[in-house]
Structure formats: structure tokens, C-alpha cells
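In what follows, a single structure is set out as C-alpha cells and then discussed.
Residue numbers (the working numbering): 12 to 305.
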């Protein structure tokens, strides 16, 4: 390892069905603080930032509320107001904190560029936009829709990610890079899904009501893919980069191309055993894609 290079490989606690989510949250928060202390010691220029954002806070809920408040504030939407708003939800909604922890784990485990939990918390705009959208979604469901839409606008302005507050998002979600991501009002994203940049989950423009895609658990959607209409992307499916998908995609299959076709053909599509949303395998289908010639 070159002199001065620091790499964090924190051990993961044993994952058992009996593990309490509060214990998991506590373990991740302890890791974040330990990583933040090392970063502050290694780079004094960051010490004040790391202290104010992480080390001065007593919990993950307070830290992320403070960070989002500062990121999304404006001259008319004050950081103190946003901090109180985010904290009111993160401190009282265990499901929000559980989703945050699952998203942190997803980034740390799936993205080789993610060097630590604290790096994700501080710097990953896909992660931060997702946490803010979850609060906007709570506001939407409470009929506080003007405020939910104002948050959507600020998230789009700051992170270049446009997710409607009515969209439903599971946990263990990775928005990798995330620039240009668009998610429509009636879209649903399942658990353990990974989506790259410039992906659109949109409507066809011909429908009203329930008009956006439903993404199953464990799906991987490659960069630049466009999925339109009230269609289903089955559990564990893979959508290749740059694909245009207008029809349902069966579970555990791969759709690629414009317009998208199933690898192996629609009558007997090739099936995979892994969970692409977790394995992040973008290219294994190419060996079976006979039209791919250079």
C-alpha cells in the first residue's frame, strides 16, 4: 500500500435473523464515528466538517438530520427548520432508521469505490437523496404535500435527482452515482435494488393514474436505462445499460437493447441464479448475446 494511503475495511457483525435492528444501527453508528475520527486525524482540513456533521452528534438520526438540513437549505428554507423536520421523523420512525442503515450497508458492500460508511454518509448524493425522499414520502402520506413537493424541488436542485415524493422505495437500495435519476409518482422500488445514473422510471405520456414502473426486489438497472409505463420488472431481473423497456420483464431474466429484448428469447429466456441488485454483475449476459459483435 502506498505511503499515506488509508483504506477502511470494517468487519461486518454477524447477520442473524434474531439481530435486533437497534443493535445493527448502533454498530453502524459506532463504525461511522470511528471512521470519522480516523479521517479527522489523517486530514486536519476536514476536522471541523467531520466534527460538526458526525462527531458532535449523539446518534445517526441527529447526524443525518443535521447533514441533510445543511445540504438542502436555501435562503428561504432555513437549515434549522429542515433539521427539526428531518429529526422529527428520523427520531420517531424506526423504519426510516432501519432503511438508512440498510442503504449504508448496500453502498459499502456493493460499491468498490465506497471506502467507508462515513464516506457514504457524507458524500454519496444518491444515498442522501434517498433518505430525504423517504421523509418527503412521509409528508406526502400525511397530506403535507406542498412541503413534500418543496423538498422534492430542493433535492432535484442540490443532487440532480428527481424522485416524486409519492414514489415508494424499499430498503437496502443503492443509487450509484445517481445523477439524472428520475422516478415518477406511482413508481415502486423494492428492497435490495441497485440503480445507476441517468435511469428513468417514467410514464408513457398516454396514461393517468397508476402509470409508472414497479421494480421488484433484487433488481439491477444499468446506467441510462429507460423504463416506461405501469409495467413490472420481476424480482432479481437485470436491465442492461441504455435499454428501453416498455413491457414486463420476468423474474431472474436479463433485458437489454433498444427496444429491449430478453437474453435467450422471449419464449425461453435465460435465467440467472444470483441477485443482480446485490452482485452488481452488469455484463455476464454478453457471452450469451449473439448480436454483440465488434
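Beta carbons: idealized from backbone N, C-alpha and C, even for Gly.
Residue from the options with nearest C-alpha to residue i
i, options, result
"residue 169", "81, 229, 199 and 130", "81"
"residue 197", "140, 171, 148 and 187", "148"
"residue 190", "282, 123 and 171", "171"
"residue 269", "255, 120, 34 and 275", "255"
"residue 257", "275, 166 and 217", "217"
"residue 207", "273, 143 and 291", "291"
"residue 86", "145, 165 and 43", "165"
"residue 215", "194, 227 and 200", "194"
"residue 252", "188, 234 and 79", "234"
"residue 186", "140, 167 and 228", "140"
"residue 246", "199, 60, 120 and 51", "199"
"residue 293", "129, 58, 223 and 121", "121"
"residue 42", "155, 153, 128 and 181", "128"
"residue 142", "163, 50 and 153", "163"
"residue 145", "135, 57 and 97", "97"
"residue 181", "138, 74, 219 and 161", "138"
Run of the alpha helix (DSSP H) containing residue i, from where it starts to where it stops
i, result
"residue 43", "32 to 53"
"residue 115", "105 to 121"
"residue 166", "156 to 170"
"residue 2", "Absent from the model: residue 2. The displayed extent of the chain is 12 to 305, so no value can be given."
"residue 74", "71 to 83"
"residue 145", "136 to 152"
"residue 95", "90 to 101"
Sequence-distant residues of its chain with Cβ nearer than 6 angstroms to residue i (five each side left out)
i, result
"residue 243", "225 and 259"
"residue 177", "151 and 196"
"residue 210", "192, 232 and 236"
"residue 230", "204, 244, 248 and 288"
"residue 312", "Outside the displayed span of the chain (12 to 305) sits residue 312, for which this structure offers no information."
"residue 183", "113, 117, 202 and 203"
"residue 66", "47"
"residue 273", "264, 266 and 280"
"residue 286", "229 and 247"
Under the three-state DSSP convention, the category residue i falls into
i, result
"residue 288", "helix"
"residue 199", "strand"
"residue 211", "strand"
"residue 173", "strand"
"residue 184", "coil"
"residue 63", "helix"
"residue 311", "One cannot answer for residue 311 here, as it falls past the ends of the chain, which runs 12 to 305."
"residue 295", "helix"
"residue 219", "coil"
"residue 129", "helix"
"residue 204", "coil"
"residue 13", "Legend: pLDDT at residue 13 = 39, less than 50; position of this residue unreliable, no value from coordinates given."
Residues sharing a beta bridge with residue i, DSSP
i, result
"residue 266", "250 and 273"
"residue 256", "238"
"residue 282", "Residue 282 pairs with nothing; no bridge assigned."
Same chain, Cβ closer than 8 angstroms to residue i, neighbours up to 5 away in sequence not counted
i, result
"residue 295", "283"
"residue 112", "32, 35, 36, 39 and 71"
"residue 104", "149"
Same chain, Cβ closer than 7 angstroms to residue i, neighbours up to 5 away in sequence not counted
i, result
"residue 77", "64, 68 and 94"
"residue 27", "Confidence at residue 27 is low in this model, with a pLDDT of 41, below 50, so its placement is unreliable and the value that follows should be read with caution. Around residue 27: no qualifying Cβ."
"residue 221", "197 and 241"
"residue 54", "none"
"residue 167", "173"
"residue 102", "72"
C-beta neighbour in chain C for residue i, strict 7 angstroms
i, result
"residue 218", "Looking at the structure shown, chain C is missing, and only one protein chain is on hand."
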